[in-house]
Each structure stands twice: as C-alpha cells, then as structure tokens.
Amino acid sequence: MDKLAEAFVIALRLIVSGNPVVIEITLRTLAISASATTISCLLFVPLGGLVHFSSFPGKGALISVIQAFYSVPTVFVGLIVFLFISRAGPMGSLGLLFTPQGIVLADVVLIAPLMLGLVIDSLRSVPLEASDTVRALGASRLQAAVVVASEARLAMLSALLVGFGRAISEVGAAMMVGGNIAGRTRTLTTAISLGVGMGETAESIALGLILISLALVVSFSVHALGRPRR
Amino acid sequence: MKRSILIALSALLLVLLVPGCGPQPQPPVQPDTTAVATDTTALETFPTREPVKRLLVATTTSLYDTGLWAYLEPMFEDKYGVELDILYAGTGKALEWGTRGDVDVIVVHDRPREEQFIADGHGVSRTPFAYNYFVIVGPPDDPAGIRGMAPESALAAIHANGTIPFISRGDESGTHAQEKRLWAAAGFDYDSVRTAGDWYVESGQGMGPTLNMANEMRGYTLSDIGTFLAYRGDLDLEALVDQGDAMRNVYAVIPITTARDSVMAHNMVDFLTSPEIQRLIGEYGVAEYGRQLFTPAAGQDL
Numbered sequence: 544m545d546k547l548a549e550a551f552v553i554a555l556r557l558i559v560s561g562n563p564v565v566i567e568i569t570l571r572t573l574a575i576s577a578s579a580t581t582i583s584c585l586l587f588v589p590l591g592g593l594v595h596f597s598s599f600p601g602k603g604a605l606i607s608v609i610q611a612f613y614s615v616p617t618v619f620v621g622l623i624v625f626l627f628i629s630r631a632g633p634m635g636s637l638g639l640l641f642t643p644q645g646i647v648l649a650d651v652v653l654i655a656p657l658m659l660g661l662v663i664d665s666l667r668s669v670p671l672e673a674s675d676t677v678r679a680l681g682a683s684r685l686q687a688a689v690v691v692a693s694e695a696r697l698a699m700l701s702a703l704l705v706g707f708g709r710a711i712s713e714v715g716a717a718m719m720v721g722g723n724i725a726g727r728t729r730t731l732t733t734a735i736s737l738g739v740g741m742g743e744t745a746e747s748i749a750l751g752l753i754l755i756s757l758a759l760v761v762s763f764s765v766h767a768l769g770r771p772r773r
Numbered sequence: 059m060k061r062s063i064l065i066a067l068s069a070l071l072l073v074l075l076v077p078g079c080g081p082q083p084q085p086p087v088q089p090d091t092t093a094v095a096t097d098t099t100a101l102e103t104f105p106t107r108e109p110v111k112r113l114l115v116a117t118t119t120s121l122y123d124t125g126l127w128a129y130l131e132p133m134f135e136d137k138y139g140v141e142l143d144i145l146y147a148g149t150g151k152a153l154e155w156g157t158r159g160d161v162d163v164i165v166v167h168d169r170p171r172e173e174q175f176i177a178d179g180h181g182v183s184r185t186p187f188a189y190n191y192f193v194i195v196g197p198p199d200d201p202a203g204i205r206g207m208a209p210e211s212a213l214a215a216i217h218a219n220g221t222i223p224f225i226s227r228g229d230e231s232g233t234h235a236q237e238k239r240l241w242a243a244a245g246f247d248y249d250s251v252r253t254a255g256d257w258y259v260e261s262g263q264g265m266g267p268t269l270n271m272a273n274e275m276r277g278y279t280l281s282d283i284g285t286f287l288a289y290r291g292d293l294d295l296e297a298l299v300d301q302g303d304a305m306r307n308v309y310a311v312i313p314i315t316t317a318r319d320s321v322m323a324h325n326m327v328d329f330l331t332s333p334e335i336q337r338l339i340g341e342y343g344v345a346e347y348g349r350q351l352f353t354p355a356a357g358q359d360l
C-alpha cells in the first residue's frame with residue numbers, strides 16, 4: 544500500500560513539474576485524437592444524416608451491422624490498418640506506417656461505426672412531430688432535415704465525445720500502426736504500456752492521470768460550448 | 059442549426075491544436091470521402107517543412123529497455139544528419155517488419171533466423187557488434203535448487219520438479235528462441251514441454267512484463283542480463299544460472315534489402331562497429347549497474 548501511495552506522489556510531482564517529454568506526448572495525443580474526431584465528424588455527420596433521412600431496403604439491417612461494430616477490438620483495427628498501409632500493402636506507397644497520420648487513420652476507422660451509429664441514433668431520437676410540423680408549415684425536405692439535425696445537436700455532441708474518448712484511450716491500434724516511436728508516434732496510452740513493461744509504475748500512473756484529466760477537460764468544455772444559447 | 063456544433067468543434071480544435079503547433083503534426087483539414095482512403099493532399103497538409111531524412115530501425119527490446127538506444131540515438135543523428143526512428147519489438151516481429159519492407163535496419167539476436175532471413179533475400183548482411191549473456195532468474199530461495207547449475211541441467215530440474223512455474227516469453231522473440239534451443243540441448247522436445255503441465259506458462263509478452271509475471275508467480279524465467287538489471291520495478295528475483303557459452307546472447311545489425319536509403323542503412327552498420335561506438339557500448343551502464351551490460355564484438359564470428 545505504501546508503494547502505491549508513493550507511486551501516486553511521484554506521479555503528481557512529475558505532472559506538476561511540467562516534464563517536457565510528458566508535455567510533448569500529451570500534446571501529440573491530443574492532436575491525434577482531435578484530428579481523428581474532427582475527420583470523423585466531417586465524414587459521418589453528413590453520412591449519418593444521409594442514412595437517416597433516406598429510405599432504402601435493408602436500412603434496418605445496415606444500422607444493426609453498424610451497431611455490431613461498436614465493439615470492434617482495437618488491435619484488430621490496428622492489424623487491418625497495418626496490413627493496408629504497410630509497404631507491402633495496397634496503400635504502402637503513402638508511407639503512413641509508423642507516422643502520427645497513420646494513427647489518425649486507424650482512429651478514424653476505429654470510431655467510424657460508433658460515430659455513424661450514434662449520429663443516426665441522435666437523429667432518430669428527435670420526435671417525428673418536429674419535422675412534421677415544419678413540413679406542414681411549408682418547409683422543404685432539406686429544411687426539415689436541418690431542423691431535425693439542429694434538435695439533435697446535443698446528442699451529436701455526445702457522439703463526438705464518445706468517439707474522442709475511444710480514440711484517445713485506445714492502445715492497440717496506436718501501438719501497431721504508430722510503433723510507439725519516441726518523439727514521433729508515442730502517445731499517452733503506448734507510453735503507459737511501455738512504462739509498465741519497464742517497471743516504471745509512477746511514470747505510468749502520471750500519464751494515466753493526465754489521460755483522465757484530459758477526458759474531463761474536453762468533456763466539460765464541449766458541453767459548455769455546446770449548451771444552447773437562449 | 060448545426061452552427062453551434064461547428065462552433066463548439068472549431069473552438070475545441072483551436073484549444074487543442076494551437077499549443078501543439080510546434081513539432082506536432084497538424085490534422086489534415088481535407089478528409090477524403092471514404093474512411094479508408096487518405097490521399098496525398100491530406101498528407102501534405104501535415105507540415106513536413108523540409109523533407110526530413112528518416113531511418114527506421116527495429117531493435118530488440120533488451121537494447122531499448124537498457125537505455126542503450128536512447129544513449130546512441132543522438133550520436134548517430136548528429137553524425138549522419140538523419141532522424142532516427144526506433145521501434146522496439148521482439149526479434150520475430152522485427153524480422154516480420156523487415157520482410158514487409160516497413161523498416162530499414164533491424165537489430166536482433168537470433169543467429170539461425172537471421173541467416174535464414176538473409177538467405178531469403180530480405181537482409182543484406184549480418185554483422186554482430188555486441189554480446190552479453192542470458193540468465194535464468196528465479197526466487198532467491200530457489201525451490202527447484204538450480205543455483206549454479208549448467209543451464210540444461212537447470213531446465214531439467216525445473217521440469218522434474220513440476221510445481222514451480224517457469225514463465226516463457228512464448229512470443230517468438232530472440233529470448234524465446236534461445237529458450238527453445240536450451241530445452242533441445244537438455245534433451246526435451248519443445249512441444250511436449252509446452253504441454254507438460256500448469257507449471258509451464260507462456261506470457262506472450264515482452265521481457266519486462268515476463269519478469270514481473272515470474273516475480274508475482276514466484277517462478278523462473280530466462281532473461282537477457284541487460285533487461286534484468288535495467289528493470290526498474292521491484293523484483294524479488296535473482297540470477298541463478300549465468301554461465302556457459304550456450305548462454306551467450308549475440309546482437310547483430312542487418313540492413314534491409316528494400317531500405318529506402320541503403321547508404322544510410324549501411325551507415326548504421328559502420329556506426330555500431332566503429333571503434334569509438336564499440337568502446338561506448340562496452341562502457342555503457344557500468345556506472346549505473348556496477349557491471350558491464352554489453353561486450354563489444356565487432357569483427358568476431360559470433
């Protein structure tokens with residue numbers, strides 16, 4: 544127990560002292576996760592809208608499939624992305640393996656089902672009356688869709704946060720695709736993994752605490768910014 | 059309107075990215091239309107500034123965990139004006155990366171597989187540059203009584219005991235290959251050892267976590283001496299068997315045939331075998347661990 548308490552004290556000291564390596568890893572992790580979340584938003588909010596507002600055979604099945612992939616294992620995504628961007632793979636010429644951009648790609652693939660599914664869910668949760676009412680008032684289908692999307696924006700923010708959370712906390716894909724290169728592709732989670740392997744418990748706890756704090760800060764600021772102004 | 063979401067998003071991005079602009083990668087602002095495809099325009103939005111020369115080196119974990127690479131990396135970068143990207147992995151994975159052309163140089167420790175790798179045309183040449191020793195470590199009270207034995211007899215004693223755990227790396231690393239060779243030398247068929255009982259445990263992890271597992275289970279394991287000494291956690295384990303040429307652990311450097319810059323890949327061989335770096339490798343860790351971690355071996359047939 545003493546050992547555990549001691550490790551926490553050292554961890555806090557590491558954070559407070561502003562160790563440059565810790566700061567660098569933290570900023571890189573944020574940049575990667577934020578990029579992945581942003582790209583996912585730009586891709587999957589419109590795509591989710593397209594799925595929700597159109598009707599086609601097999602739509603229900605498609606949504607079930609998307610939801611089934613919520614829990615796709617990160618190491619499996621890592622493996623598939625690795626095989627694609629390895630030099631021997633179909634996208635090998637892009638030189639994405641062992642780069643931060645490669646991790647962003649893996650994260651986008653990883654959170655794609657989650658973002659897509661949650662966007663569709665948030666649109667579905669808007670009561671039908673909303674679009675019926677504006678349609679009755681003479682709005683076009685597109686205008687009605689905009690109204691529905693606007694009603695769903697808080698739920699979509701949550702979707703964004705869930706996607707960001709999965710991207711920032713995963714280790715399997717970042718390790719396999721990024722390679723945990725010091726000063727280049729090391730992220731908080733892969734650094735924790737390395738620290739544990741080398742018996743550096745206090746350092747690993749410090750990075751873990753930073754990870755948790757980041758999640759809190761991002762969650763609070765997104766909710767604060769996304770609160771409707773009346 | 060979706061505007062509030064957009065405002066929130068862009069504010070989030072600003073907050074997150076502005077402080078990270080220095081050496082950080084910036085996010086591609088133009089995503090492609092499909093999730094899997096990221097085209098080159100998206101790549102170029104990452105500020106590469108001047109194209110940086112990079113050399114990708116995959117190294118066995120023991121050389122990394124002892125801090126040797128962190129020590130040598132800046133010297134190589136200064137001397138050759140290149141950014142060294144160091145990946146650490148077991149020998150099996152390093153060889154796999156080399157086979158796929160994902161790295162430029164590998165530094166590994168399993169001679170038979172290295173020679174096969176070169177025979178298969180994946181590696182240019184194999185150059186040994188340092189060695190140290192494997193050790194069998196275990197609880198200080200040594201329940202199977204192997205202290206001071208030859209490694210083959212020690213394994214036989216652990217096998218005969220059948221109750222004290224032996225933790226194998228089980229990950230096709232160089233250390234795992236050495237363990238298999240020792241079982242063969244001790245007269246055991248490895249497949250039957252694997253299934254001999256609950257005492258034989260395959261961790262499937264790196265040396266550090268495997269040492270930790272041996273510590274928690276109060277069992278034995280085979281480790282390279284460097285990782286054992288450099289492990290920073292609390293291990294109640296002692297090196298019990300540490301003698302014999304069969305326990306020699308030779309590190310070799312192999313430039314990959316498909317290296318992006320074969321001259322630079324060869325520079326790594328010249329660097330590691332140069333008299334100055336050989337001297338530094340021999341002295342590395344002496345002050346910290348009170349003993350030599352690596353013996354320089356350039357020019358020797360090991």
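Residue numbers (the working numbering), protein chains in the order written: chain D, 544 to 773; chain C, 59 to 360. Quick reminder that beta carbons are idealized off the backbone N, C-alpha and C, glycines included.
query: Asn270(C) - DSSP class collapsed to helix/strand/coil; result: helix
query: Identified DSSP bridge partners for Ala116(C); result: Leu145(C), Ile164(C)
query: Rounded straight-line distance, which links the Cα of Ala215(C) to that of Val651(D); result: 52 Å
query: Rounded Cβ spacing between Leu351(C) and Thr124(C) (contact assumed at less than 8 Å); result: 6 Å
query: Chain C contact for Met741(D) (CB, 7 Å cutoff); result: yes
query: Separation of Gly291(C) from Thr92(C), as counted between CA atoms; result: At Thr92(C) the pLDDT is 38, less than 50, meaning the model places this residue with poor confidence; the figure from the coordinates comes in the next sentence. Rounded to the nearest angstrom, the two C-alpha atoms are 45 Å apart.
query: Close beta carbons around Leu622(D), own chain, < 7 Å, minus the five adjacent residues each side; result: Met719
query: Min CB distance Ser636(D) to chain C below 7 Å; result: no
query: Beta-carbon gap between Ile283(C) and Val344(C) smaller than 7 Å; result: no
query: Cut-off 7 Å between Cβ atoms - residues of its own chain near Phe639(D), not counting five sequence neighbours on either side; result: Residue identity check: residue 639(D) is Leu in the sequence provided, not Phe. Here the set comprises Ile628, Gly645, Leu648.
query: Given Pro354(C) as reference, the closest of Leu142(C), Ala310(C), Ser211(C), Trp241(C) once Cα atoms are compared; result: Ala310(C)
query: Contact list for Arg169(C) against chain E, beta-carbon separation under 8 Å; result: Included in the structure are the protein chains D and C, with no chain E among them.
query: Secondary structure of Ala355(C), DSSP reduced to three states; result: coil
query: DSSP state of Thr249(C) mapped onto helix, strand, coil; result: The amino acid occupying residue 249(C) in the given sequence is Asp; Thr does not appear at that position. Residue state, collapsed to three classes: helix.
query: C-beta contact flag for Arg158(C) and Ala631(D) at 7 Å; result: yes
query: Cutoff 7 Å: Ser629(D) Cβ touching any chain C Cβ; result: yes
query: Partner residues on chain C for Ile724(D), Cβ-Cβ distance less than 8 Å; result: Asp143, Ile144, Leu145
query: Pair within 7 Å by beta-carbon distance, Ile735(D) and Gly751(D); result: yes
query: Interface flag, Gly232(C) vs chain D, CB-CB below 7 Å; result: no
query: Simplified DSSP assignment, three categories, for Tyr347(C); result: helix
query: Member of Leu737(D), Phe587(D), Ser576(D) whose CA lies at the smallest distance from the CA of Ser775(D); result: The structure shown does not extend to residue 775(D), since chain D spans only 544 to 773, so no value can be given for it.
query: Distance between beta carbons of Leu731(D) and Leu754(D), contact taken as under 8 Å; result: 5 Å
query: Tyr407(C) - DSSP class collapsed to helix/strand/coil; result: The requested residue 407(C) is not part of the displayed model; chain C covers only 59 to 360.
query: Nearest-angstrom Cα separation, counted from Asn219(C) out to Val760(D); result: 55 Å
query: Spatial distance of Leu703(D) from Val765(D) (CA atoms); result: 9 Å
query: Contacts that Tyr289(C) makes with chain D (C-beta to C-beta distance below 8 Å); result: Met741, Gly742
query: Any 3 or more C-beta pairs closer than 8 Å across the segment 172-179 of chain C and the segment 285-303 of chain C; result: no
query: Distance, Ala116(C) Cα to Tyr146(C) Cα; result: 6 Å
query: Secondary structure, alpha helix (DSSP H): runs of 4+ residues fully inside the segment 180-263 of chain C; result: 209-219, 232-243, 248-252
query: Distance between beta carbons of Ala692(D) and Gly592(D), contact taken as under 8 Å; result: 6 Å
query: Selection from Pro209(C), Gly357(C), Ala356(C), Met326(C) that minimises the alpha carbon distance to Val161(C); result: Met326(C)
query: Residues in the segment 214-242 of chain C having any Cβ partner in chain D nearer than 7 Å; result: none
query: Length of the line joining the Cα atoms of Pro643(D) and Thr617(D); result: 16 Å
query: When Asp294(C), Val251(C), Ala188(C) are compared against Asn270(C), the one with the closest alpha-carbon; result: Asp294(C)
query: Which listed residue (Val308(C), His324(C), Asn307(C)) has its alpha carbon closest to that of Thr315(C); result: His324(C)
query: Contact with chain D by Asp162(C), beta-carbon distance below 7 Å; result: no
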